[in-house]
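Following the working numbering, the numbering of the sequence shown begins with 36 at its first residue and continues without gaps.
Beta carbons: idealized from backbone N, C-alpha and C, even for Gly.
All values reported here derive from a predicted model rather than from experimental measurement.
Down below is the structure, laid out as structure tokens.
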Amino acid sequence: MAQNISARRGAAIAGFAALVLSVLVAAFDNQWTQHWRDGRSAENGDAAHSWIAGPVRGLSTLAWRATKESGEPGRLFYGMLAEPVIAVVLTFLLLMLVCRGVGAERGRWSLFLGGWFVTGLAASIALIAGSAIAGLGVAAGLADGPGSTRFGRGDIYYTLIALGLAFGLFAGWLVGFVAVLVYGSTEGGAQEDRATREYPSPAMDYSDYSDYSPSSASSPSAAAGSPDSESAGEDYSFSPTSPYSSGDPTPGYSGYESANAATEISAPSQERDPYGGARPY
36 MAQNISARRG AAIAGFAALV LSVLVAAFDN QWTQHWRDGR SAENGDAAHS
86 WIAGPVRGLS TLAWRATKES GEPGRLFYGM LAEPVIAVVL TFLLLMLVCR
136 GVGAERGRWS LFLGGWFVTG LAASIALIAG SAIAGLGVAA GLADGPGSTR
186 FGRGDIYYTL IALGLAFGLF AGWLVGFVAV LVYGSTEGGA QEDRATREYP
236 SPAMDYSDYS DYSPSSASSP SAAAGSPDSE SAGEDYSFSP TSPYSSGDPT
286 PGYSGYESAN AATEISAPSQ ERDPYGGARP Y
């Protein structure tokens, strides 16, 4: 019967994948790389139609800042700071859930695709939660001003989900790849654990036999002077006069007979013939 990934192994896979995602967000989406990202993702810039404009714009979805700008509301700052944190935590939890449905062996593709998808899903939920904390949309045009995000409108959610899935499109493959690497590196240990559970080594306790000796084999009741000691000294070997024989001391009918005993052959008894030797047939 095929077994799925254990909880401990799934936690290791999800933990390493979430760690790599946090390093990516911290290194790429910080405020010190914002100028570089803006120059390569600007819609009206020279690199607007380049191959890297889309990926850079998608990966910039979870942009964060370590310090507040002048005049920036504190709610907006904490909302944008919470988005990457929520995304990493949700990626870890959702990837652990995916691992519970992946086989312990030959589950690399399902784990890779599952890790890719949950990264975008976690980013979408994080954007919605962060926008609710900040009070305004992440992307331009989602709100009329600070604290005026209209969450009653459906297009707000669709826009945030689209931004989150765009981030997952360009970052999720890395999460899935790391998950597969950890999956392969822990596969040998999982096989040993499964073999140990299926074929446990017999644990026998030989302490009861440590004091055994031939002299102690007799029962304590066979001590000297006890009734059992007299019966223990009797010989019940099979012999013509043994109590275990058939009771007939005649040779040939006892339980055991000497191999050198002479074999007596006796003629069968003659019945009296009423016909005087003359048979009718």
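(request) Let me know the secondary structure DSSP gives residue 138 once reduced to three states. (result) Counting from one through the sequence shown, the residue named residue 138 turns up at place 103. In the structure shown, residue 138 sits in a strand (DSSP, three-state: E or B).
(message) Among the candidates 215, 148, 189 and 221, whose CA atom is the shortest distance from the CA of residue 203?
(response) In the sequence shown, the residue the question calls residue 203 occupies position 168. The candidate whose alpha carbon is nearest that of residue 203 is 148.
(request) Identify, in the order they occur along the chain, each residue of the same chain with its Cβ nearer than 7 Å to the Cβ of residue 93, setting aside the five sequence neighbours on each side. (result) On the sequence shown, position 58 is the one that residue 93 refers to. Within the same chain, residue 93 has close Cβ partners 201, 202, 204 and 205.
(request) Would you kindly work out how many angstroms separate the C-alpha atoms of residue 42 and residue 61, rounded to a whole number? (result) Here residue 42 is taken as the residue at index 7 of the sequence shown, counted from 1. Here residue 61 is taken as the residue at index 26 of the sequence shown, counted from 1. C-alpha separation (whole angstroms): 28 Å.
(request) Apply the 10 Å Cβ neighbour rule to residue 157 and answer buried if 16 or more other Cβ atoms are within range, or exposed otherwise. (result) Along the sequence shown, read from residue 1 onward, the residue named residue 157 stands at position 122. By the neighbour-count rule (16 or more Cβ atoms within 10 Å), residue 157 is buried.
(message) Taking its Cβ as the centre, do 16 or more other Cβ atoms sit within 10 Å of residue 122, making it buried, or is it exposed?
(response) Against the sequence shown, residue 122 aligns to sequence position 87. Counting Cβ neighbours within 10 Å, residue 122 comes out buried, since at least 16 surround it.
(message) Taking 7 Å as the limit between beta carbons, can you name the residues of its chain near residue 135, skipping five residues before and five after?
(response) Taking the first residue of the sequence shown as position 1, residue 135 is located at position 100. Within the same chain, residue 135 has close Cβ partners 39, 40 and 45.
(message) Just to check my reading of the structure: residue 214 and residue 150 have Cβ atoms closer than 8 Å, yes? What is that Cβ distance to the nearest angstrom?
(response) Position 179 of the sequence shown, counting from 1, holds the residue named residue 214. Position 115 of the sequence shown, counting from 1, holds the residue named residue 150. The pair is a contact, with the Cβ atoms about 4 Å apart (cut-off 8 Å).
(message) For residue 96 and residue 89, I'd like the C-alpha separation in whole angstroms.
(response) In the sequence shown, the residue the question calls residue 96 occupies position 61. In the sequence shown, the residue the question calls residue 89 occupies position 54. Approximately 11 Å, taken between the alpha carbons.
(message) Residues in the same chain with beta-carbon distance under 8 Å from residue 75, minus the five sequence neighbours each way, listed in chain order, please.
(response) Position 40 of the sequence shown, counted from the first residue, corresponds to residue 75. These residues qualify, in order along the chain: 82, 85, 87, 88 and 91.
(message) When you compare the CB positions of residue 107 and residue 165, do they come within less than 8 Å of one another, or not?
(response) What you label residue 107 is simply residue 72 of the sequence shown in a count that begins at 1. What you label residue 165 is simply residue 130 of the sequence shown in a count that begins at 1. Contact flag unset, no.
(message) Taking 6 Å as the limit between beta carbons, can you name the residues of its chain near residue 120, skipping five residues before and five after?
(response) To locate residue 120, count along the sequence shown from 1; it is residue 85. There are no such residues.
(request) Find the nearest neighbour of residue 54 within the set 160, 190 and 125, judged by alpha-carbon distance. (result) As a first step, residue 54 is located in the sequence shown; it is residue number 19 there, counting from the start. Of the candidates 160, 190 and 125, the one whose C-alpha sits nearest the C-alpha of residue 54 is 125.
(request) Within the same chain, show all residues whose beta-carbon is closer than 7 Å to that of residue 169, passing over the 5 residues directly before and after it, in chain order. (result) Position 134 of the sequence shown, counted from the first residue, corresponds to residue 169. These residues qualify, in order along the chain: 110, 111, 114 and 115.
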